[in-house]
Amino acid sequence: MLRPIRTLAAAAAALALVSACNSASNGSSPGKPGAAGNSRGVSADSIKVGGIVSMTSASGYSKKDTDLGAKARYLRANAEGGINGRKIDYLGAEDDGQDPAKNMAAARKLVQQDKVFAVAPMSSVTFSGADFLEQEKVPTFGWGTLPSFCGPKYIYGFNGCLVPSPGGTLNQTWPEGIGRLLGGAQGKSVAVIANDSDAGKFGIRTFQQGFAAAGFKVAYAKASVPATAVPSDWSAYVKDILESNDGKAPDAVVSVMQTPNNIGLFTALKRSGYRGLLSDPTDYDPGLLAKDATRQALDGVHVLLQFQPFESADPKMDRFKADIKAAAGGQEVPLNMHMLTGYMSADLFVSIARKAGKELTVESFQAAAQGFSDTGTLVGDRSEPKGQKDSFGCGALVQLRGGAYEVSVPFSCRQPIPFK
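So the sequence shown is numbered by this note's numbering: it starts at 2 and just counts up by one.
In structure tokens:
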């Protein structure tokens, strides 16, 4: 039974669920996390799951469709009989507004008030609630682009750990893909720019190492753009980038930022006469094509994906599209990467939970995760606990050309490199 995404009051929602479905409780009460036969959020016929998503932000950037993607996957799971006889009671996603305090508050609400068994998806540039969720032994799933997805026992990246600690590995899809587009990395230079935030600084550290390992000269690598507001004047950043390669422009400019910043930076670079390769990991969203100014700013940009492109002929992509349409009430909606983030976060949770068996507890779930593996998913081959330390190593690049996305580097899996 799926409830509305943003419940007005937990008590009211619980009452509505009982009266409408009579499935919220079978007389059991939530117990301590992992208590055999009495696990938080698990009843005889349901499993309670919630999400944390940046629905809103100060810059206007939104990941709200992450929630729709998760809903789509849970709807299909329930249509197939649920998880070992239990239906998924998805509460929807709390909006953290990309605010660390709200992220923590959302995590506490889901665990202490809503009594969820798992958080899937968690999609934000901040994850201040990570330590709390780990302490409370809450299986949590999201896009592994933050350090908190790398190392903890109860937190999982749907495509593995993308920002590992020393001893882990780095996904080389982006550097090697750009190298392929440039005819090889040797003798080529790259500039990497990010927001002045913890995530931005870590992104600079990781991608600087990855591009250097692929053979690039990293001419510029700075987390210098304010994280709280989009600059109105990009001239200083553009000047630094265009002079970074021994007084010349680099062969490629890579932005580890979100859409509003990318639009500003790429527009300024193009106006300056820059003709090199532009790339980011964010702007794969047909909704961005609705505005002429946005479409022009991003035209020619190669976008990093860590999943099969929507343009893929893979049958699993067809199923994803059908599931999204069903979750959207039968309407065709423009697809975007946030939908797939939510969908694959939910998919990994469902896949592990099914393996855990009928007696679902935190302990049985974790035991199932320790030996989990599958192949040929929309993010490639998955395995745990490998994914809590390493990337699954798969990805693709797409380019926006003439108002449509085209696959520029096909989806494939590459050998990750050690992270130092």
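Note that beta-carbon positions come from the ideal geometry of N, C-alpha and C, so glycine has one too.
Given this structure, state the Cα-to-Cα distance separating residue i from residue j, to the nearest angstrom.
i: aspartate 46; j: asparagine 104; result: 29 Å
i: glycine 98; j: serine 55; result: 5 Å
i: phenylalanine 128; j: lysine 390; result: 18 Å
i: alanine 253; j: alanine 192; result: 6 Å
i: aspartate 293; j: phenylalanine 366; result: 48 Å
i: glycine 265; j: glutamate 333; result: 30 Å
i: lysine 240; j: leucine 379; result: 40 Å
i: alanine 314; j: proline 282; result: 22 Å
i: serine 44; j: valine 363; result: 13 Å
i: lysine 116; j: isoleucine 89; result: 14 Å
i: isoleucine 418; j: proline 165; result: 11 Å
i: glutamine 136; j: alanine 106; result: 15 Å
i: glycine 435; j: phenylalanine 350; result: The structure shown does not extend to residue 435, since the chain spans only 2 to 421, so no value can be given for it.
i: valine 50; j: asparagine 263; result: 34 Å
i: alanine 215; j: glutamine 209; result: 10 Å
i: glutamine 259; j: glutamine 371; result: 34 Å
i: phenylalanine 308; j: aspartate 234; result: 34 Å
i: glycine 52; j: arginine 181; result: 37 Å
i: leucine 336; j: serine 392; result: 24 Å
i: glycine 152; j: leucine 183; result: 35 Å
i: lysine 189; j: valine 120; result: 42 Å
i: arginine 41; j: valine 139; result: 9 Å
i: cysteine 395; j: glycine 381; result: 6 Å
i: methionine 340; j: valine 302; result: 21 Å
i: arginine 402; j: leucine 279; result: 13 Å
i: valine 408; j: valine 304; result: 10 Å
i: threonine 342; j: leucine 243; result: 34 Å
i: isoleucine 48; j: lysine 359; result: 12 Å
i: glycine 70; j: leucine 134; result: 22 Å
i: valine 112; j: proline 148; result: 22 Å
Indicate the three-state DSSP secondary structure (helix, strand or coil) for residue i in the structure shown.
i: glycine 82; result: coil
i: leucine 348; result: Here the sequence assigns aspartate to residue 348, which means leucine is not the residue at that position. Helix at aspartate 348.
i: tyrosine 406; result: strand
i: arginine 320; result: helix
i: valine 363; result: helix
i: methionine 123; result: strand
i: valine 191; result: strand
i: lysine 240; result: helix
i: leucine 92; result: strand
i: aspartate 234; result: coil
i: leucine 183; result: coil
i: alanine 25; result: Reliability of the predicted coordinates at alanine 25 is poor, the pLDDT of 33 falling under 50, and the value obtained from them is presented with this limitation in mind. Three-state DSSP puts alanine 25 in coil, outside helix and strand.
i: phenylalanine 212; result: helix
i: valine 117; result: coil
i: glutamine 259; result: coil
i: lysine 421; result: coil
i: tyrosine 62; result: coil
i: aspartate 100; result: coil
i: threonine 141; result: strand
i: lysine 387; result: helix
i: serine 149; result: helix
i: glycine 381; result: strand
i: valine 164; result: coil
i: aspartate 199; result: helix
i: threonine 57; result: coil
i: aspartate 68; result: helix
i: valine 112; result: helix
Is it buried or exposed, residue i, if we count other Cβ atoms within 10 angstroms and call 16 or more buried?
i: serine 413; result: exposed
i: alanine 131; result: buried
i: serine 124; result: buried
i: aspartate 68; result: buried
i: proline 316; result: exposed
i: phenylalanine 320; result: Note that residue 320 corresponds to arginine in the displayed sequence, not to phenylalanine. Exposed, since its Cβ has fewer than 16 Cβ neighbours within 10 Å.
i: alanine 354; result: buried
i: glycine 248; result: exposed
i: threonine 207; result: buried
i: lysine 64; result: buried
i: serine 352; result: buried
i: aspartate 197; result: exposed
i: glycine 274; result: exposed
i: aspartate 1; result: Any property of residue 1 remains undetermined from this structure, which presents the chain solely from 2 to 421.
i: glutamate 81; result: exposed
i: arginine 87; result: buried
i: proline 411; result: exposed
i: glutamine 400; result: buried
So who's on the other strand from residue i, going by DSSP bridges?
i: glycine 396; result: Ser413
i: glutamate 135; result: The partner list for glutamate 135 (beta bridge, DSSP) is empty, contrary to what the question assumes.
i: alanine 222; result: Val193
i: leucine 278; result: Ala253
i: tyrosine 155; result: Beta-bridge pairing links tyrosine 155 to no other residue.
i: asparagine 246; result: Lys249
i: leucine 401; result: Tyr406
Practice problem: Enumerate, from N- to C-terminal direction, the unbroken beta strand (DSSP E) stretches of 3 or more residues contained entirely within the segment 282-312. | Solution: 303-306
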